[in-house]
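Per our numbering, the sequence shown starts with residue 80, numbered consecutively.
The beta-carbon is built from N, C-alpha and C at its ideal position, and this holds for glycine as well.
Input: a single structure, listed below in structure tokens.
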Amino acid sequence: MPLVREVTFDLLRRLGLTTIVGNPGSTEETFLKDFPSDFTYVLALQETNVVAIADGLAQGLKKPVLVNVHTGAGLGNAMGAMLSAFLNKTPLILTAGQQTRQMLLAEPFLTNFEPTVLPRPYVKWSYEPGRPQDVPGAFMRAYAMAMQQPTGPVFLSLPLDDWDQEMEDVDVLRGISARIAPDPARIADFAARINASANPVLVYGGDLSRSGAWDAGVALAEKLRVPVWLGPFTENVPFPQTHPLYAGTLPPAIGPLSETLAGHDLIVVVGAPVFRYYPWVPGAYLPAGAKLLQITDDAFDAAKAVAGDSLVSDSGLALEALLPLVLPRGGNPAREPYFRREPAADILKDAKEPLTAEQVFAVLSEGAPEDCVLVNESPSNMGELAQTRLGTIAKPDSWYMMASGALGWGMPAAVGLALAEQRTGRNRPVIAVIGDGSFQYAPQSVWTAVQHGLHMVFLVLRNGEYGILKSFAMLEDTPGVPGLDLPGLDIVSLGKGYGAASWRAATVAEIRDGFARALGEKGVSVIEIPIDTAIHTLLSAG
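Printed below as a string of structure tokens:
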């Protein structure tokens with residue numbers, strides 16, 4: 080009779096789950112022994128990196144990825160990245176070893192005491208098989224749960240002595256449906272309300288990207304001739320920011336968001352929560368006289384929406400059904416864009432050291448390739464990045480950030496996205512804009528990138544502080560908060576220590592030449608760029 084391990088690996092092959100991202104421990108070695116030659120193990124040096132690399136890889140491949148961490152201790156380290164994967168709606172199958180069943184009553188060293196409880200609520204399903212022979216079936220159910228909308232991570236706790244048990248060669252492979260179709264009556268009602276509105280507006284979110292609905296989103300905007308906003312903290316840009324109907328990103332606070340949409344009588348939100356608010360700036364949820372319609376693939380997001388009427392559906396399928404029903408609106412196709420960017424030459428006029436973040440981005444924009452993948456985890460200057468060509472996204476699946484706000488996701492997720500570029504043969508360079516504070520959460524990810532020969536550029540903006548927190552201190556009127564300065568960091572040495580080509584670039588010429596060098600060498604580069612320490616106003620309360 081075959082072993083549990085043999086039946087399980089055969090199932091994983093048939094599901095296309097032949098890449099495992101992990102950091103192994105003693106309770107996982109029975110799973111990994113005699114590792115099959117047709118599988119790939121991606122080693123990361125800490126569990127935050129493990130989960131976030133898998134998150135980026137799964138998003139880049141548009142399929143689930145297996146994750147292996149070390150019992151409860153490793154799972155605990157991974158929780159921040161799991162929160163991000165959950166809110167990113169990334170399909171991951173997380174596994175952790177568990178101590179030998181015969182010893183569990185005594186709770187030996189490295190026991191995960193509550194294995195199905197620990198990862199909650201940041202997984203869709205958490206399970207430990209009741210017997211060894213249930214392991215393959217548990218993987219099949221985990222795959223189905225991860226892939227069904229809303230997609231997301233699931234978790235399996237696997238006792239280390241299960242793998243060498245015998246079992247019948249049972250075929251547990253099943254086909255599943257992974258998309259939710261819209262209710263035709265609800266679609267017809269939404270279309271009628273859009274047609275009856277005098278001045279509608281569109282708000283798009285990451286579900287559009289996950290459903291491959293970039294073209295459908297453009298088609299709806301062009302048919303209606305209305306502005307398109309991104310929802311706050313959108314994790315994957317679903318609309319070309321070069322399009323004249325692109326309006327920008329909504330502010331993530333109640334009052335300012337409502338004021339931004341003032342004058343519209345109907346707000347149509349597709350593929351985004353209503354809304355991701357932070358921080359607290361009071362005001363009306365919707366502008367006076369406005370109604371809201373929401374399309375989301377997540378029934379929980381539909382239920383928790385603070386305003387409006389919802390439709391639960393895959394965003395792409397919903398737009399396919401909606402497009403024939405909405406009436407085209409008049410408008411000049413050559414109209415002036417809603418969103419204007421300042422030319423790089425104007426931004427760099429009279430530049431002096433240290434450069435502002437916007438000036439740095441303007442220099443980088445001169446050499447940025449037309450086709451690349453951009454990852455952003457430099458919170459204090461997201462607005463400045465959006466004002467330049469480097470931060471202007473014109474193609475699908477080319478811009479990512481986490482939906483959670485949990486620092487430490489960006490660097491390893493960029494590594495996962497670069498792995499996906501390598502695996503698919505697209506080979507676009509991955510450019511990660513990282514704050515010097517964010518860099519400290521996951522520097523080990525640089526090592527994994529180097530080991531796999533990835534083409535990546537880490538642009539680390541060095542202001543020696545948690546700039547975003549100083550902005551919050553201004554907004555919240557909380558002077559004297561400790562721990563907001565970061566003296567004594569040496570980003571270049573950290574990058575070199577993990578094997579990356581690393582250097583400091585401070586002047587316009589150094590930044591321009593260094594970026595060109597990093598892109599040309601096609602390896603892993605870490606560039607530390609000092610920027611000024613001016614504190615920016617976060618949001619207007621009025």
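- Taking all protein chains shown into account, Pro561 has fewer than 16 neighbouring C-beta atoms within 10 Å of its C-beta and is therefore exposed.
- Going by DSSP, Lys203 is part of no beta strand (DSSP E) at all; its letter is neither H nor E.
- Look at Lys383 here: in three-state DSSP terms it is helix.
- Rounded to whole angstroms, the separation of the alpha carbons of Ala223 and Ile255 is 6 Å.
- Nearest in C-alpha terms to Val100, of all of Thr190, Val130, Pro358, is Val130.
- 7 Å or more divides the Cβ of Leu171 from the Cβ of Pro261.
- Between Gly495 and Leu235, the C-beta spacing is not below 7 Å.
- Counted as a single uninterrupted DSSP element, the beta strand (DSSP E) harbouring Ala326 occupies residues 325–328.
- Annotation: the continuous alpha helix (DSSP H) that includes Asn156 extends over 150–167.
- Taking C-alpha positions only, Asp89 is separated from Pro491 by approximately 29 Å.
- In this structure the segment 323–335 does not lie against the segment 430–441, because fewer than three pairs of beta carbons, one per stretch, are closer than 8 Å.
- Secondary structure of Asp250 (DSSP, three-state): coil.
- In the DSSP annotation of this structure, Leu94 is not part of any beta strand (DSSP E), being labelled neither H nor E.
- The continuous stretches of beta strand (DSSP E) do not include Tyr222, which lies in the alpha helix (DSSP H) extending over residues 214–226.
- Under the 8 Å Cβ criterion, the segment 347–359 counts as touching the segment 369–381, having at least three qualifying pairs.
- Judged by DSSP in its simplified three-state form, Ala588 adopts helix.
- Per DSSP, the continuous alpha helix (DSSP H) segment holding Gln501 begins and ends at 489–503.
- Straight across, the Cα-Cα distance linking Val202 with Ala588 is about 47 Å.
- Sequence-distant Cβ neighbours of Ala381 in its own chain, meaning closer than 7 Å and more than five residues away, are Gln373, Thr375, Ser389, Val391.
- Fewer than three beta-carbon pairs drawn from the segment 144–163 and the segment 545–558 are found closer than 8 Å, and the two stretches are therefore not classed as touching.
- For Thr179, same chain residues with a beta-carbon under 7 Å away, outside a window of 5 residues either side, are Pro238, Leu239, Asp240 in chain order.
- In terms of Cβ geometry, Ile333 and Gly310 do not form a close pair [threshold 7 Å].
- Per DSSP, reduced to three states, the secondary structure at Pro263 is helical.
- Burial is judged here by how many other beta carbons sit within 10 angstroms of a residue's own beta carbon; Ala257 has fewer than 16 and is exposed.
- For a cut-off of 8 Å, the C-beta gap from Thr169 to Gly487 is around 15 Å, too long to register as a contact.
- Three or more pairs of CB atoms, one per stretch, sit closer than 8 Å, so the segment 592–610 contacts the segment 531–538.
- Under the DSSP definition of a beta bridge, Met535 partners with Val509, Val603.
- Asn278 counts as exposed, since fewer than 16 other C-beta atoms from the protein chains shown sit within 10 angstroms of its C-beta.
- Cβ-Cβ distances below 6 Å link Gln212 to Met246 in the same chain, with the five nearest sequence neighbours on each side left out; the list follows chain order.
- Distance from the Cα of Arg507 is smallest, within the candidate group Pro475, Leu111, Asp268, Ala585, for Pro475.
- For a cut-off of 8 Å, the C-beta gap from Val405 to Ala270 is around 5 Å, short enough to register as a contact.
- In the DSSP annotation of this structure, Ala175 is not part of any alpha helix (DSSP H); the continuous beta strand (DSSP E) holding it starts and ends at 171–177.
- In this structure Ser483 is in contact with Ser163, their Cβ atoms being roughly 4 Å apart against a cut-off of 8 Å.
- Here Val249 is exposed. Its C-beta has fewer than 16 other C-beta atoms within 10 Å.
- For Ala579, the closest alpha carbon among the candidates Gly567, Leu498, His534 is that of His534.
- Between Pro317 and Gly285 the beta-carbon gap is near 7 Å, inside 8 Å, which marks them as a contact.
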